Amino acid sequence: MKQKYKKGLAFGVFDIFHIGHLRYLQFASDRCKELYVGIRSDDLVTPGKNRKAYFNENIRLEVIQSLQCVKEAFVFRIILDDTKYWINYLQENEINILFIGMDWKNSNRWQKLEPLLNDINIKVFYVDRTENISSSKILIKNKKKRHTKYTKIKN
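Everything in the sequence shown is counted per this note's numbering, starting at 197 for the first residue and increasing by one.
What follows is the structure in structure tokens.
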């Protein structure tokens, strides 16, 4: 077994909870003794995802808090680009490792934040996505199904 960090933090929207979310959180939990999860607030979802959340932050929080692999979950209302706030938060809460979805790896945000975190001994670990599944894809597929017209079959 690889090194277990004391406290880990995973971020996400977790809208339309699916197997990819579960695998992400279980992967993170396996690598730390305590996993905390930050859930993006409703007002931060729209700018980040270009859509509103399907489920509100209270429902998404309740789902994540119910998972055995999660020590504690919270809704965050401060954008992750506020590096001063988050570095202070991580240090005060003694977080040793952050888990981020692989799709964020080369983003401007994490290219700026990761070196600052490394300087204070907080590891950033990018987690692979589960192939062919995302809340956005589920919502798009569901929307298309609702707008499909059916023709009556003649006997």
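From the three backbone atoms N, C-alpha and C, an ideal C-beta is built for every residue, glycine too. In this text, all values refer to a predicted model and were calculated from it rather than measured experimentally.
Look up residue i in the DSSP assignment and give the residues it is bridged to.
i	result
Gly236	The sequence shown places Arg at residue 236, not Gly. Paired residues: Phe272.
Ala224	Answer by DSSP bridge pairing: none, since Ala224 is not bridged.
Tyr322	Ile296
Glu230	Lys203
Do residue i and residue j have their C-beta atoms closer together than 7 Å?
i	j	result
Ile235	Arg256	yes
His217	Phe210	yes
Ile260	Ala249	no
Ile296	Tyr322	yes
Which residues bound the alpha helix (DSSP H) around residue i?
i	result
Leu286	Thr279 to Glu288
Ile260	Glu253 to Gln261
Assign residue i to one of three DSSP states: helix, strand, or coil.
i	result
Lys308	helix
Val241	helix
Asp315	helix
Ile291	coil
Met197	For Met197, the predicted structure reports a pLDDT of 46, less than 50, and the residue's modelled location is therefore unreliable. A value from the coordinates is still provided. Residue state, collapsed to three classes: coil.
Val219	It is Arg, not Val, that sits at residue 219 in the sequence shown. In the structure shown, Arg219 sits in a helix (DSSP, three-state: H, G or I).
With residue i as the anchor, note down where its beta strand (DSSP E) starts and where it stops.
i	result
Lys203	Tyr201 to Gly208
Using a Cβ-Cβ distance cut-off of 7 Å, determine whether residue i contacts chain D.
i	result
Gly234	The structure shown has no chain D; it contains just one protein chain.
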